[in-house]
Structure formats: structure tokens, C-alpha cells
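K.L.:
Under the working numbering, the first residue of the sequence shown carries the number 6, and numbering increases by one thereafter.
By construction, the Cβ of each residue, glycine as well, lies at the ideal position given by its N, Cα and C atoms.
The model shown is predicted, which means the values in this text are computed figures rather than measured ones.
A single structure is presented below for examination.
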Amino acid sequence: MKLREIRPNVYLGGAVDWDRRLFDSLIPTPRGTSYNAYVVKGSEKTALLDTVDPAKWETLQAQLAEAPAIDYVIHHHGEQDHSGSLPFVLDLYPEAVIVTNEKCKKELIDHLHVPDDRFQTIKDGEQLSLGDKTLHFIFTPWVHWPETFSTFLVEDGILFSCDFFGSHLATTDMYASRSVVDGPAKRYYAEIMMPFAAQVAKDLDKVAAHPVKVIAPSHGPLHDDPAAIMDAYRDWTKGEPHNTAVIAYVTMHESTRLMVDRLTTALADRGVAVERFDLTTVDLGEMAMALVDAASIVIGTPTVIRGPHPLASYAAIVANALKPKAKYATVVGSFGWAGKTVEKLAELMGDLKVEFYDPVMVKGMPRDEDYQELDVLADRIAEAHKGLPPR
Ligand code: FEO
């Protein structure tokens, strides 16, 4: 696509990556993604805001033919999906100056070996005039790296937010619909931002203090209804968990599945919504999204040798890393002779601020008394969830 005008002399560029299916060798991107770059032409100077993943450099290069002079490259974030083409841009525009903060400068030097003399560093709240357009820099750390900042284009009310408010979504639509906010944008928050929710909430308040008319992130469509995405972020970062339990499980010889089936039914009968994930086929992003709102996390696993099934360990590690706002957790599953499954999973989830319900571990196939124990667990979960908002 060519540069697309957002406002007079403000353009969306970059590349849509329709075929990308995995990010960071970790995060599934079932609907692709985009690497948005922006061009702002002032009456005196022109700025390029961020670049693209190096695999898409040729797309940005073709767009830049429409911008023969680039005076500044505003670089919000050191990660290579935005910075990877920076060396090519610097070769193309030998006079261009990289405008970024001190932390990002260090990252760009470390990751890309950018020469020290190409930088102009800025501080929080500083402004840069392009003539009739003014760039106001707002430091928004931990969305999702420590250096990340945003730029507010004062005259047009556009917030260039980098990963903040982004979504992994390949689309020709310039603006996000409500379904994008509730789908890919929430998924992106869950995967990338949730571990830093407390700081993200502060960053949100900081950018919301400006009269933002359009949010222009570095992935996915823009937001021409800033309140919709900001309100959603407010709920995800600060809201109460919902009356929902995430059950992530794996089974080898059906004992754990029988237990998970019983617990699912017992919870539903008690008015608790269940989001259930078979770990042999799980889409990590879907599970992360469910964790944004869940009040309880249940890991279901058989015992393998002396500990949890490796897929259950993986789920616990992921939950621990994402730091959702869940208040409770437990383990259900089976064993053949012995093991430390519960202890090991509790250790893997050690960073979560959760109260543990008593686990239900069964020798072999569950019996009547084991099912009754699962019903008691469901009673406890329902009691603990009393008063929480519905999903
Ligand atoms: Fe889209 Fe953190 O890079």
C-alpha cells in the first residue's frame, strides 16, 4: 500500500504482514500483523516515526519515495519489528537524525550497532517543532519495554503510541471497530502488556491527559474512538476480575479429563463461567486473553515421573510470566504412585499473588469420593467469586 493520509500532511505507512503466524518464536498471530510507520510533514521539517521489521523494508522504502527528505526519525522502541529497518533508513537519509530517549538510544546501539553520532536524545515532556506541527514526547515506560515512549502531535491530536494500544491484525481497514478492541487488541494486551499492568495503568492516565483524537499504534489499525480503547485498557489493567475460572489441562489416560469435565459442570451449575483449554492444542493467545479477566486458575495434569506433565508446567510458567489479576489458583489431576506435582506447579506460579484452594489429586481413575471432592472445590470457587462481575 502507498502512504495513506490520516490528516493533512500526516501519513500512515509501513507494511501489513498477512502471512506471519508466530511472533518472537512464541506468540501465535493467527490473523497476521502490521508494522506501522508514520510520516509527518511540517512546514519546515519532516519526521518518520518508527520503521518496520527488516523483512518488510522494501515496502517502506517504496513508500519513502514519496518523502524525499527525512530530517528526523522518531524512534519510540528498540524492538526489531520497529527498529530493524533503521540502518537502511539511515543509509538512505545520511543527514537524518534519530530522535529518541537515552534508554532507547542504548538499545539501538546494542541491538543494531547504530553509530552514536546519529542521535538526538529527548526528555519526558520535551517538544520538537517541525514548523507548523509540534511533536510532544510522553514517556510511557513498560509498554512493553523500559524505554518505550509515545509522541503526541499537538495540532492534529494524534497520539503515536508504538506497541501501546496495538493489535496483531493484518487488515486494509485504517480504523479499528469495536470487535477489534474486544478481540485482537485485548489479545495483544494480554500477551504483551499484562505483565506490566500497574505501570500500563499509569501510562494510560498520562496519555489520557492530552486531547487525543486519534491513536496511531505500531501494530494493527488506528483508533478514531480513543475512549473505546482507553476504557478497555482501564478495565483490563484496573478492573475487578470476573466471575470466571480458567481451566488449563492435559490428560494422558483420561483420568484428568474426567476430573476436569466434572469440575467444569459443577462450576457452571454454581454460576461460575469456565474458559477451558486443552494444552495439547491450545492457542496461547486465546488462553492469555481468558487470563485477563479470570478470578481463578485451575491447572489439570497427570503426574509424569514425579512432577506435572510438561505442558502443564508450560501453562503454569506462562501464567506466572503474564501476571494476570486472578486471586485464586489450584491443581487437579492424577498420579500412579507418588510425586510432587502440586508443589512443583505452585513453585512455577510463585510470582502470582493468589490464594491456593486445596488441590484434588487422585490415584488412578477418579471414584465417587473424588468427584465429591471436586464438587467441594467448585463450592469453594463459587463462594470466593461471590460479588464479582459476570464475564
Ligand atoms: Fe512491536 Fe515491542 O515491538
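Any heavy atom of the ligand FEO within a distance shorter than 7 angstroms of the CB on residue 241?
P.N.:
no
K.L.:
Do residue 275 and residue 383 have their C-beta atoms closer together than 8 angstroms?
P.N.:
Against a cut-off of 8 angstroms, the Cβ pair of residue 383 and residue 275 comes out as a contact.
K.L.:
Straight-line CA distance for residue 96 to residue 82?
P.N.:
20 angstroms
K.L.:
Looking at residue 82 and the ligand FEO, is the gap between the Cβ and the nearest heavy atom below 7 angstroms?
P.N.:
yes
K.L.:
Cα separation between residue 259 and residue 238?
P.N.:
39 angstroms
K.L.:
Across which residues does DSSP place residue 167 in a beta bridge pair?
P.N.:
222
K.L.:
Less than 7 angstroms between the CB of residue 55 and some heavy atom of the ligand FEO, yes or no?
P.N.:
no
K.L.:
Who does residue 43 pair with in a DSSP beta bridge?
P.N.:
17, 54
K.L.:
Say yes only if the C-beta of residue 318 is nearer than 7 angstroms to one or more non-hydrogen atoms of the ligand FEO, and no if none qualify.
P.N.:
no
K.L.:
Under the rule that 16 or more other beta-carbon atoms within 10 Å means buried, what is residue 331, buried or exposed?
P.N.:
buried
K.L.:
Between which two residues does the beta strand (DSSP E) containing residue 5 stretch?
P.N.:
Here the chain has residues from 6 to 396 only, and residue 5 is not among them.
K.L.:
To the nearest angstrom, how far is the alpha carbon of residue 53 from that of residue 75?
P.N.:
7 angstroms
K.L.:
Given this structure, state the Cα-to-Cα distance separating residue 59 from residue 68, to the nearest angstrom.
P.N.:
One C-alpha to the other measures close to 15 angstroms.
K.L.:
What distance in whole Å lies between the Cβ atoms of residue 297 and residue 180, which are believed to be in contact at a cut-off of 8 angstroms?
P.N.:
With a contact defined as Cβ atoms closer than 8 angstroms, residue 180 and residue 297 miss out at about 23 angstroms.
K.L.:
Quick one: which unbroken beta strand (DSSP E) runs of 3-plus residues sit fully inside the segment 262 to 338? Chain order, please.
P.N.:
278 to 283, 299 to 309
K.L.:
Report yes or no: do three or more beta-carbon pairs, one from the segment 218 to 231 and one from the segment 148 to 166, lie closer than 8 angstroms?
P.N.:
These segments touch.
K.L.:
Measure the alpha-carbon distance for residue 41 versus residue 21 and round it to whole angstroms.
P.N.:
In this structure, the alpha-carbon of residue 41 lies about 8 angstroms from that of residue 21.
K.L.:
Does the beta-carbon of residue 121 have 16 or more other beta-carbons within 10 angstroms, so that it is buried, or is it exposed?
P.N.:
exposed
K.L.:
Pick out the complete beta strand (DSSP E) segments inside the segment 74 to 148, 3 residues or longer, and give them in chain order.
P.N.:
77 to 79, 102 to 105, 124 to 126, 132 to 134, 139 to 144
K.L.:
How long is the line joining the alpha carbons of residue 51 and residue 44, rounded to whole angstroms?
P.N.:
7 angstroms
K.L.:
What I want to know is whether the C-beta of residue 182 ends up closer than 7 angstroms to one or more non-hydrogen atoms of the ligand FEO.
P.N.:
No - the ligand FEO has no heavy atom lying nearer than 7 angstroms to the Cβ of residue 182.
K.L.:
Helix, strand or coil: which one does DSSP assign to residue 253?
P.N.:
strand
K.L.:
When you measure from the CB of residue 223 to every non-hydrogen atom of the ligand FEO, does any distance come out below 7 angstroms?
P.N.:
Checking every heavy atom of the ligand FEO against the Cβ of residue 223, one is found closer than 7 angstroms.
K.L.:
Determine, using beta carbons only, whether residue 225 and residue 174 come nearer to each other than 8 angstroms.
P.N.:
For the pair residue 225 and residue 174, the CB atoms are nearer than the 8 angstroms cut-off.
K.L.:
Can residue 168 be considered in contact with the ligand FEO, in the sense that its beta carbon sits closer than 7 angstroms to one or more heavy atoms?
P.N.:
yes
K.L.:
My understanding is that residue 326 touches residue 200, with C-beta atoms under 8 angstroms, so please give their C-beta distance in whole angstroms.
P.N.:
6 angstroms
K.L.:
Quick check: is any heavy atom of the ligand FEO less than 7 angstroms from the C-beta of residue 150?
P.N.:
The answer is yes for residue 150.
K.L.:
Is any heavy atom of the ligand SAH found at a distance shorter than 7 angstroms from the C-beta of residue 358?
P.N.:
Absence of the ligand SAH is noted for the structure shown, with the ligand FEO being the only ligands found.
K.L.:
Which word fits residue 318, buried or exposed, when buried means at least 16 other C-beta atoms lie within 10 angstroms of its C-beta?
P.N.:
buried
K.L.:
Just to confirm, does residue 178 get its C-beta within under 7 angstroms of one of the non-hydrogen atoms of the ligand FEO?
P.N.:
no
K.L.:
Which residue comes first and which comes last in the alpha helix (DSSP H) that contains residue 156?
P.N.:
Segment 154 to 158 is the beta strand (DSSP E) holding residue 156; no alpha helix (DSSP H) there.
K.L.:
Report the rounded CA-to-CA distance for residue 191 versus residue 342, giving the unit in angstroms.
P.N.:
In a straight line, the C-alpha of residue 191 is about 42 angstroms away from that of residue 342.
K.L.:
Just curious, the beta strand (DSSP E) that residue 11 is in, first and last residue?
P.N.:
In the DSSP assignment, residue 11 falls within the beta strand (DSSP E) that extends over 9 to 12.
K.L.:
Should the segment 225 to 234 be regarded as contacting the segment 342 to 361, the criterion being three or more beta carbon pairs within less than 8 angstroms?
P.N.:
Contact between the segment 225 to 234 and the segment 342 to 361 is absent, because fewer than three Cβ pairs lie under 8 angstroms.
K.L.:
Please report how far the alpha carbon of residue 390 lies from the alpha carbon of residue 133, in whole angstroms.
P.N.:
C-alpha separation (whole angstroms): 50 angstroms.
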